[in-house]
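Inspection log for the structure reproduced underneath, given as structure tokens.
Numbering (our numbering), first residue to last: 1356 to 1461.
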């Protein structure tokens, strides 16, 4: 299935683990409404598209795990360049591999 469209109603949510749930489709931009979110794990799913820039509003986020998104040329580039507010304090992972934006030159 897809990530439920009503997920943005869970405004008090602090941790969301959807790892390995056979999810398909895009990561909804409305996930940027989960302002209290500290940890988001979407790894090991079959998601497509791009990392939504709306996730950049999640300033409490300390860990973000995403799958290698189908159809993207470089998931690590998107993580490091389209989420500038999170870049300093958030640990990024693609599946279980950590991403170091500075080391990659982003």
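Ideal Cβ placement from N, Cα and C applies to all residues, glycine included.
Please read these numbers as outputs of a predicted model, since none were measured by experiment.
Query raised in the report: Which runs of the beta strand (DSSP E) spanning at least 3 residues fall entirely within the region 1427-1453, listed in chain order?
Result: 1446-1449
Query raised in the report: How many Å lie between residue 1448 and residue 1397 at the Cα?
Result: In the chain shown, counting from the first residue as 1, residue 1448 sits at position 93. In the chain shown, counting from the first residue as 1, residue 1397 sits at position 42. Their backbone Cα atoms lie some 10 Å apart in a straight line.
Report task. With distances taken Cα to Cα, identify the nearest neighbour of residue 1403 among 1433, 1381, 1373 and 1370. Result -> Sequence index remark: in the chain shown, residue 1403 carries index 48 (1-based). The option with the nearest alpha carbon to residue 1403 is 1381.
Query raised in the report: Is residue 1457 helix, strand or coil when you go by DSSP?
Result: Here the question's residue 1457 lines up with position 102 in the chain shown. Of the three classes helix, strand and coil, the one that applies to residue 1457 here is helix, per DSSP.
Query - Rounded Cβ spacing between residue 1413 and residue 1390 (contact assumed at less than 8 Å) - result: Taking the chain shown and counting its residues from 1, one reaches residue 1413 at position 58. Taking the chain shown and counting its residues from 1, one reaches residue 1390 at position 35. Right, the Cβ-Cβ distance comes to about 7 Å (below 8 Å), so this counts as a contact.
Report task. In angstroms with no decimal places, state the Cα-to-Cα distance between residue 1376 and residue 1418. Result -> For this step, residue 1376 is matched to residue 21 along the chain shown. For this step, residue 1418 is matched to residue 63 along the chain shown. Looking at the two C-alpha atoms, the distance is approximately 19 Å.
Requested in this report: Please report the residue range of the beta strand (DSSP E) in which residue 1329 lies.
Outcome: Because the chain is modelled from 1356 through 1461, residue 1329 falls outside the range shown and cannot be assessed.
Report task. Per DSSP, which residues does residue 1403 bridge with? Please list them. Result -> Reading the chain shown from its first residue, position 48 is the one you call residue 1403. Answer by DSSP bridge pairing, in chain order: 1425.
Query - DSSP three-state assignment for residue 1398, whether helix, strand or coil - result: Position 43 of the chain shown, counted from the first residue, corresponds to residue 1398. In the structure shown, residue 1398 sits in coil (DSSP, three-state: anything other than H, G, I, E or B).
Query raised in the report: What separation, rounded to the nearest whole angstrom, lies between the Cα atoms of residue 1440 and residue 1367?
Result: Numbered from its first residue, the chain shown carries residue 1440 at position 85. Numbered from its first residue, the chain shown carries residue 1367 at position 12. Whole-angstrom Cα-Cα distance: 21 Å.
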